[in-house]
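Accompanying notes for the structure given below.
Protein chains: 2
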Amino acid sequence: MSTITIIGSGNMARGIAARAVAAGRPVEILNRDEAKAAALAAELGANTTSGKLGQSPSGGIVVMALPFDAAREVVSTYGDALAGKTIIDITNPVNFETFDSLVVAPGSSAAEEIAALTPANVVKAFNTTFAATLVAGEIGGQTLDAFLAGDNAEATAAVASLVSDGGMRPIAAGPLKRSRELEGFQFLIMTLQANPAFETFNWNTGLKITV
Amino acid sequence: MSTITIIGSGNMARGIAARAVAAGRPVEILNRDEAKAAALAAELGANTTSGKLGQSPSGGIVVMALPFDAAREVVSTYGDALAGKTIIDITNPVNFETFDSLVVAPGSSAAEEIAALTPANVVKAFNTTFAATLVAGEIGGQTLDAFLAGDNAEATAAVASLVSDGGMRPIAAGPLKRSRELEGFQFLIMTLQANPAFETFNWNTGLKITV
Numbered sequence: 007m008s009t010i011t012i013i014g015s016g017n018m019a020r021g022i023a024a025r026a027v028a029a030g031r032p033v034e035i036l037n038r039d040e041a042k043a044a045a046l047a048a049e050l051g052a053n054t055t056s057g058k059l060g061q062s063p064s065g066g067i068v069v070m071a072l073p074f075d076a077a078r079e080v081v082s083t084y085g086d087a088l089a090g091k092t093i094i095d096i097t098n099p100v101n102f103e104t105f106d107s108l109v110v111a112p113g114s115s116a117a118e119e120i121a122a123l124t125p126a127n128v129v130k131a132f133n134t135t136f137a138a139t140l141v142a143g144e145i146g147g148q149t150l151d152a153f154l155a156g157d158n159a160e161a162t163a164a165v166a167s168l169v170s171d172g173g174m175r176p177i178a179a180g181p182l183k184r185s186r187e188l189e190g191f192q193f194l195i196m197t198l199q200a201n202p203a204f205e206t207f208n209w210n211t212g213l214k215i216t217v
Numbered sequence: 007m008s009t010i011t012i013i014g015s016g017n018m019a020r021g022i023a024a025r026a027v028a029a030g031r032p033v034e035i036l037n038r039d040e041a042k043a044a045a046l047a048a049e050l051g052a053n054t055t056s057g058k059l060g061q062s063p064s065g066g067i068v069v070m071a072l073p074f075d076a077a078r079e080v081v082s083t084y085g086d087a088l089a090g091k092t093i094i095d096i097t098n099p100v101n102f103e104t105f106d107s108l109v110v111a112p113g114s115s116a117a118e119e120i121a122a123l124t125p126a127n128v129v130k131a132f133n134t135t136f137a138a139t140l141v142a143g144e145i146g147g148q149t150l151d152a153f154l155a156g157d158n159a160e161a162t163a164a165v166a167s168l169v170s171d172g173g174m175r176p177i178a179a180g181p182l183k184r185s186r187e188l189e190g191f192q193f194l195i196m197t198l199q200a201n202p203a204f205e206t207f208n209w210n211t212g213l214k215i216t217v
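Line by line, the protein sequences are chains R and F. Be aware that the first sequence starts at 7, since it is given in our numbering, and climbs by one per residue. Be aware that the second sequence starts at 7, since it is given in our numbering, and climbs by one per residue.
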């Protein structure tokens with residue numbers, strides 16, 4: 007199976023890596039701090055390698071498990087080295103100073119801004135799944151929904167396969183610009199985690215379409 | 007208990023009325039076509055009255071169970087007659103010609119536009135709950151989530167009480183401008199209902215925060 011490269015070694019990197027391992031994919035962790043990448047790879051077990059940010063990603067799918075600013079910087083730095091690859095953008099460009107808006111302009115999205123910086127095919131995914139739920143692979147006994155958006159059908163289908171092989175339900179919501187709605191709504195969900203009215207919400211909720 | 011006035015007699019009027027009846031509230035249905043209002047009231051049973059659009063609403067809460075254009079027209083026509091009341095705006099201002107955007111500008115919302123037309127306190131609610139799920143009062147055995155947004159705490163609390171008394175979970179998401187995110191995401195959900203990739207979605211899904 008094709009390797010999944012994950013850039014970053016924080017909580018979201020761990021969560022997405024857990025799903026990729028569950029999907030039976032070889033995983034490569036790259037990080038600016040190589041020791042942190044190695045530690046996460048060791049935690050994930052066999053079939054996982056690590057390396058330093060800047061080296062050529064082994065995976066055909068490269069997950070930017072980074073905050074928005076860092077993701078922009080990394081895709082810019084890699085430049086044409088990412089051509090032909092599929093990038094997964096997970097970012098939620100929340101204005102954490104006000105917690106009252108996004109830092110991208112209305113009618114735009116972090117995913118579209120990142121796509122403008124790279125020749126890779128960008129697919130939005132995992133922005134509505136908190137890290138703890140990805141590690142668990144379920145929530146309250148229910149399958150996780152992972153919403154996807156992308157302009158390249160083949161790239162989106164590859165991410166959908168990763169998602170379903172990892173035990174989640176992919177919901178391909180359309181073109182990359184649907185990231186506007188995905189990022190907007192997850193911003194709303196994030197404000198609820200910090201809201202004392204919802205004491206059971208602790209950065210551990212899922213967002214699900216029920217039928 | 008305070009009467010709930012519902013303006014409109016279509017599917018959403020029926021669904022919200024069903025929850026209001028379940029909540030034990032007297033319901034008044036007003037419609038341009040008085041016979042349609044009377045027919046829906048008869049269907050809902052005792053403790054339900056009907057009347058003609060234009061007459062003074064009995065309820066302290068007035069649900070605009072109407073499309074966006076009609077809701078704007080009705081609040082404008084009522085004018086100051088709605089002062090002191092709580093209006094529930096349920097609209098999703100989708101551009102149904104393109105099904106690719108909203109008809110309100112990015113950084114705005116139907117709820118805010120309606121609020122600008124009336125002295126009433128506007129609360130966004132029920133825009134993410136399809137009519138069939140409101141009639142059923144649950145979905146796949148799970149409680150319905152109803153997302154609320156509003157600028158007046160007392161008005162939002164009154165709507166939250168109606169929602170919880172009707173057997174749903176109210177999720178008060180913050181100020182009225184959070185309607186931007188609620189309307190944006192429901193637009194995305196609506197596009198999925200018409201997407202052949204999701205054959206079990208048939209204008210009957212729910213949107214739920216899982217824990």
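We put the CB at the ideal spot given by N, CA and C, even for glycine.
_Spatial neighbours of I22/F in its chain, beta-carbon cut-off 7 Å, leaving aside the 5 residues before and after_ = I12, V69, A71, F132, L140
*Coil, strand or helix - E103/F by DSSP*: coil
*Would you say R184/R reaches chain F, if we count a Cβ-Cβ gap shorter than 7 Å as a contact?*
yes
*Where does A41/R land, buried or exposed, given buried means 16+ other C-beta within 10 angstroms?*
exposed
*The beta strand (DSSP E) spanning S56/F covers which residue range?*
54-58
*Could you work out which residues of chain F lie near F74/R, taking near to mean beta carbons separated by less than 9 Å?*
Residues of chain F passing the Cβ test: none, with the nearest at roughly 17 Å.
_Terminal residues of the alpha helix (DSSP H) in which A48/F lies_ = 40-50
*Which one of E49/R, A48/R, G14/R, I10/R has the shortest CA to CA distance from R31/R?*
I10/R
*Once you ignore the five residues that flank L213/F on each side, which residues in its own chain have a CB closer than 7 Å to its CB?*
T134, D151, I195
*Mind checking who T11/R pairs with in its DSSP beta bridge?*
E34/R, V68/R
*Contact between the region 176-185 of chain F and the region 186-204 of chain R: three or more CB pairs below 8 Å?*
yes
_Which of the three DSSP states is assigned to A77/R in this structure?_
helix
_Residues that DSSP places opposite F153/R in a beta bridge_ = I177/R
*Note down, in chain order, each residue of its chain lying with its Cβ closer than 8 Å to the Cβ of R265/R, except the 5 sequence neighbours on either side.*
Limits of chain R in this structure are 7 at one end and 217 at the other, which puts residue 265/R out of reach.
_Considering only the alpha carbon of each residue, which of A76/F, L188/F, F136/F lies closest to W209/F?_
F136/F
*So with Cβ pairs under 7 Å, would you call K206/R a contact of chain F?*
The amino acid at residue 206/R is misidentified as Lys; the sequence shows Thr. Yes, T206/R lies at the interface with chain F (some Cβ there is under 7 Å from its Cβ).
*Could you round the C-beta distance between A43/R and S56/R to whole angstroms and report it? I think they count as a contact, below 8 Å.*
4 Å
*Along chain R, in chain order, which residues have C-beta atoms closer than 9 Å to that of I215/F?*
I195, L198, F204, F207, T211, G212, L213, K214
*Should G21/F be flagged as near chain R, meaning a C-beta pair shorter than 7 Å?*
no
_Suppose you measure from the CA of R224/F to the CA of L188/R; what does that come to, to the nearest Å?_
Shown here, chain F extends from 7 to 217; a query on residue 224/F therefore has no answer.
_Give me the chain F residues within the contact set of G30/R, using Cβ-Cβ distance strictly less than 9 Å, ordered along the chain._
Near G30/R there are no residues of chain F at all, since even the closest Cβ is about 24 Å away, more than 9 Å.
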